[in-house]
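Okay, structure first, notes after.
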Amino acid sequence: MLEVGKLDSDLLQRIVIDKITYRRPEVLTRAGIGEDCAVMDFGTYECVVSTDPITASVADVGRLAIHISCNDIASNGIEPLGITLAVMLPEGTTEEDIEGIMTQAGEASKLAGVEIIGGHTEITRAVNQPVIVSTAIGRGVSGASQKAADMKVGDCILMTKNAGLEGTGIAASECREKLSGVLSEEEFTAAGKMLDRVSVIREGVIAGGIGTHGMHDVTEGGILGAAWEMCHIAGLGAEIIEEDIPVDPVTVKICEHFGADWMRLISSGCMLIIADPEKTDEIMEAVTEAGVRITCIGRVKPAEEGLYLVKADGTRETIAPPEADELYKIID
């Protein structure tokens, strides 16, 4: 029996991706491990598409459904313009429940600058809590998409905001009772507000306009999982410095309580940006001016040096492929 969460990389490749054998010449970027988006040739333009589900959060399902898929489009350096929502709701759902979800989605779409252009809504016995699958669409001029395949040895690995943003916010809203003796009211408030910062559209479009060697919004698998996926695409290694990864003390406190690793906690709102050293300062200055925290957390290395984390004590730890997100240790 499989564990809850995303399929691990080997299994995903073997039983899902390897079964996709038909190829269209218009598809420029297709399904693959670590690929957030498909890119299709539309002549003068290219169409960028991404699909994601929201399954772990109930209280914030409407707004997260918008931001998560739009973030994938932004990780290509492209502004999202449209999104569809497939909303599946359990028996017992009320009109007020649906109105609440769509109010969230409507407000989030306005903030993201993306129009909800269609979808599907139904009550079904197939789910026991609200599930939304969103598909976001973006358009860029031909060749504009940023690709992790362009990574080069010596590139800087930049990270925006703090690790574990989404996971911390979900934990605060879904596990309040379990955390009642762990967090103060001020910490609950701070953790909940992290869900207000889960969009990476601003930094993605800014960095994409300057030019990167690939970007990745940090979702399931956390910072280390995202780094592994980008290196897998590029066929390169990397050095990540643990002490340089920004993290809020509230996130650390929640993870310590549940025995979870904050570096592998779902972190929507964080973006990994791979930057040529000659463009690193320009990207960091532009993103900072936009009001977004950005930090250099490592460097791209040759494949033979491997992918590793430099711990606080100076030891090296090999970064393994992402497995089930640490969030499931918290909300299980």
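Heads up: the sequence shown runs through residues 1009 to 1340, numbered per our numbering. Cβ atoms here follow ideal geometry from the backbone N, Cα and C, with glycine treated the same way.
Proximity to Ala1320 across Asp1252, Cys1055, Ala1332 peaks at Asp1252, based on C-alpha coordinates. Take Cys1239, set aside five residues on each side of it, and the residues of its chain with a beta-carbon closer than 7 Å to its own are Gly1245, Ala1246, Leu1315, in chain order. Under the three-state reduction of DSSP, Pro1285 is assigned to helix.
Here DSSP, grouped into helix, strand and coil, assigns Arg1184 to coil.
Going by C-alpha positions, Pro1033 is about 9 Å away from Asp1049. For Ala1179, the three-state secondary structure derived from DSSP is helix. Within 10 angstroms of the beta-carbon of Asp1289 lie fewer than 16 other beta-carbons, which makes it exposed. For Glu1011, the three-state secondary structure derived from DSSP is coil.
Listed in chain order, the beta strand (DSSP E) elements of length 3 or more contained wholly in the stretch 1086 to 1123 are 1088 to 1097.
Per the coordinates, the alpha-carbon of Ile1140 lies some 33 Å from the alpha-carbon of Ile1305. Checking the DSSP bridge columns, you'll see Glu1247 partnered with Arg1307, Tyr1316. Between Glu1182 and Gly1042, the C-beta spacing is not below 7 Å.
One alpha carbon belongs to Arg1272, the other to Lys1155, and they sit about 23 Å apart.
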